[in-house]
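For reference, the structure discussed in these notes is given below.
In structure tokens form, the structure reads like this:
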């Protein structure tokens with residue numbers, strides 16, 4: 001399932017009205033990620049095309065042909081990635097599911113535009129992209145994506161902050177909950193300017 005297909009599934013099946021309220025309330029900042037993870041998992045649970053839906057799934061290491069014991073990947077910033085056999089040492093995603101016999105792994109960041117215009121949450125998004133790209137290189141068979149869910153509105157100048165995540169070398173898409181139909185999904189740097197504050201899902205897939 002590619003980025004556009006997953007965002008289309010959310011667009012066609014998720015009720016954004018309550019999510020817009022939750023992510024507009026800044027005193028819930030520390031709850032957003034867990035709440036949205038639960039919301040997305042509940043949504044996946046309602047559709048039979050998804051199976052083996054889990055949270056905190058460990059990233060598997062590339063399998064070998066000598067029947068080694070199960071192994072996982074461990075990612076640490078500014079350190080070489082490791083292959084480990086203990087699950088408690090392994091890096092893990094926020095949720096995962098199987099679709100058409102392929103396992104998909106997801107990491108989530110949640111933010112309000114009033115905070116990430118100061119770059120704090122954008123740095124987290126950058127770190128997540130670096131993390132999943134590194135994990136993907138170590139095991140090319142896995143499908144890994146990161147979702148940046150944010151609430152807010154943007155001017156023409158403010159949209160420029162997304163350029164590092166959507167350019168000639170990186171491709172990120174965004175689902176705008178304020179728009180209906182196929183036009184709701186676009187390249188991240190083409191996000192709708194102005195408009196009412198609303199929830200958007202930016203998504204990057206490691207390749």
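Numbering (UniProt numbering), first residue to last: 1 to 207.
The C-beta atom is built at its ideal place from N, Cα and C for all residues, glycine as well.
Just so we're clear, the structure is a prediction, and the values are computed from it rather than from any experiment.
How about residue i and residue j: do their beta carbons lie closer than 8 Å?
i           : j           : result
residue 184 : residue 11  : yes
residue 199 : residue 19  : yes
residue 53  : residue 41  : yes
residue 159 : residue 191 : yes
residue 187 : residue 166 : yes
Pull up the DSSP beta-bridge partners for residue i, would you.
i           : result
residue 186 : 174
residue 145 : 106, 205
residue 75  : According to DSSP, which records beta bridges pairwise, residue 75 is partnered with nothing at all.
residue 99  : 50, 102
residue 198 : 152
residue 163 : Note: residue 163 sits in no beta bridge, so no partner.
residue 112 : 151
What separation, rounded to the nearest whole angstrom, lies between the Cα atoms of residue i and residue j?
i           : j           : result
residue 33  : residue 106 : 12 Å
residue 17  : residue 36  : 13 Å
residue 77  : residue 197 : 34 Å
residue 178 : residue 3   : 19 Å
residue 136 : residue 73  : 10 Å
residue 38  : residue 124 : 21 Å
residue 155 : residue 25  : 21 Å
residue 108 : residue 146 : 6 Å
residue 153 : residue 5   : 24 Å
residue 13  : residue 1   : 16 Å
residue 150 : residue 121 : 10 Å
residue 168 : residue 189 : 12 Å
residue 85  : residue 79  : 18 Å
residue 28  : residue 43  : 21 Å
For residue i, which of the options has the nearest alpha-carbon?
i           : options          : result
residue 104 : 89, 86, 144      : 144
residue 128 : 22, 206, 13, 23  : 206
residue 45  : 109, 97, 203     : 97
residue 63  : 177, 140, 31, 38 : 140
residue 134 : 164, 109, 91, 25 : 91
residue 49  : 102, 87, 84, 88  : 102
residue 95  : 120, 58, 83      : 58
residue 148 : 111, 60, 30, 55  : 111
residue 69  : 75, 83, 38       : 83
residue 119 : 7, 204, 161, 130 : 161
residue 113 : 6, 1, 202        : 202
residue 126 : 7, 204, 173, 29  : 204
Tell me, please, whether the CB atom of residue i is closer than 8 Å to any CB atom in chain B?
i          : result
residue 69 : Of the protein chains in the structure, only one exists, and it is not chain B.
Quick one: is the Cβ of residue i within less than 7 Å of any heavy atom of the ligand SAM?
i          : result
residue 39 : With respect to the ligand SAM, the structure offers nothing, as it holds no ligand at all.
Inset, instruction - Mind listing, in chain order, the continuous beta strand (DSSP E) runs of no fewer than 3 residues lying wholly within the segment 13-82? - result: Annotation note: the segment 13-82 contains the following uninterrupted beta strand (DSSP E) runs of length 3 or greater, listed N- to C-terminal: 50-55, 72-74.
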